[in-house]
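Right, one structure below, let's go through it.
Numbering (this note's numbering), first residue to last: 875 to 1176.
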């Protein structure tokens, strides 16, 4: 590899890290606002209004997008991603209102583990022994957080564990879409299809929201929509294996947020289990990064 090529890759990785760090800050802000919103509103309705506001916020962006893909295969990917992400968002809203922020964040970090499994199942990547071991350690960390058999498992915890693989699938599809689609187009399509996915369920549980609730949901939509854009930028400039470890800073920020604003004292098992999950996903990212450096041909073909 030439010096200029190496410098270009480093600059791309640094940009990807910057965008992923920005994504983490925005999503932690969203977490705090959803927590503040509480359980008065159905998570389905809250998720629908959040994405509806996000769709409105993106209207100026629509006019700047040069072209929307009309290929059926690409539209199909957008639609599948929207459905999966919509279901994940409903479960996440449900979990956020019922379990501590640190626990939600720790369990959410199982997503990279599901990404590894999904890459093996759907992208044809080989699942080597070290990856299997890392996945098992990660799931062991999730069990430490949940402590099954030692305490009653909260429905919010189950909801977050189900949401994690749904978000993993969404991110894998998003990474695939960045090959042909612009970041604004990917975010716009996500807002459209998630809103359509949540419309029916939201109507079944609808109640008139207060102005205060609408204000918080507008703020959530603004931060989350910006977060999805910065996430696409991170994927565009660097591999997931480079940017994924940066996401783990969210566990620190989320824990501090829960402690300072909501008085949530995280249990020691949340830190132990979260540490195992973080170690698992970090190891996976490190090994995959090494593998791509040692086999550039494979890196360009995936």
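Glycine is no exception: its CB is placed at the ideal position from the N, C-alpha and C atoms.
Chain-order list of residues whose beta-carbon lies under 6 Å from that of residue i (same chain, five-residue window excluded)
i, result
"residue 1015", "1147, 1150, 1151"
"residue 1099", "928, 931"
"residue 973", "1028, 1030, 1031"
Environment of residue i [buried if 16+ CB atoms lie within 10 Å]
i, result
"residue 952", "buried"
"residue 934", "exposed"
"residue 1035", "buried"
"residue 964", "buried"
"residue 924", "buried"
"residue 1137", "exposed"
"residue 909", "buried"
"residue 1086", "exposed"
"residue 937", "exposed"
"residue 906", "buried"
"residue 1054", "exposed"
"residue 977", "buried"
"residue 1067", "buried"
Euclidean distance between Cα positions of residue i and residue j
i, j, result
"residue 1004", "residue 1011", "11 Å"
"residue 1171", "residue 891", "Low confidence applies to residue 1171: its pLDDT is 45, below 50, so where it sits in the model is not reliable, and the reading given next is rough at best. Looking at the two C-alpha atoms, the distance is approximately 24 Å."
"residue 1094", "residue 1048", "21 Å"
"residue 1111", "residue 1104", "11 Å"
"residue 1077", "residue 885", "47 Å"
"residue 981", "residue 902", "14 Å"
"residue 889", "residue 1109", "10 Å"
"residue 1058", "residue 897", "15 Å"
"residue 1126", "residue 983", "12 Å"
"residue 1121", "residue 1145", "16 Å"
"residue 948", "residue 893", "25 Å"
"residue 1133", "residue 1143", "16 Å"
"residue 1154", "residue 1084", "43 Å"
"residue 1092", "residue 1002", "44 Å"
"residue 1013", "residue 1113", "23 Å"
"residue 989", "residue 1038", "9 Å"
Contacting residues, own chain, Cβ-Cβ under 7 Å from residue i (five flanking each side not counted)
i, result
"residue 1064", "955, 956, 959, 1102"
"residue 961", "1040"
"residue 921", "963, 964, 967, 1072"
Same chain, Cβ closer than 8 Å to residue i, neighbours up to 5 away in sequence not counted
i, result
"residue 971", "908, 909, 911, 912, 913, 917, 1030"
"residue 1051", "948, 951, 952, 955, 1060"
Every unbroken beta strand (DSSP E) inside the segment 1026-1111 [3 residues or more]: none
So within the segment 981-1014, which uninterrupted alpha helix (DSSP H) runs reach at least 4 residues, ignoring any that extend past its ends? 985-996
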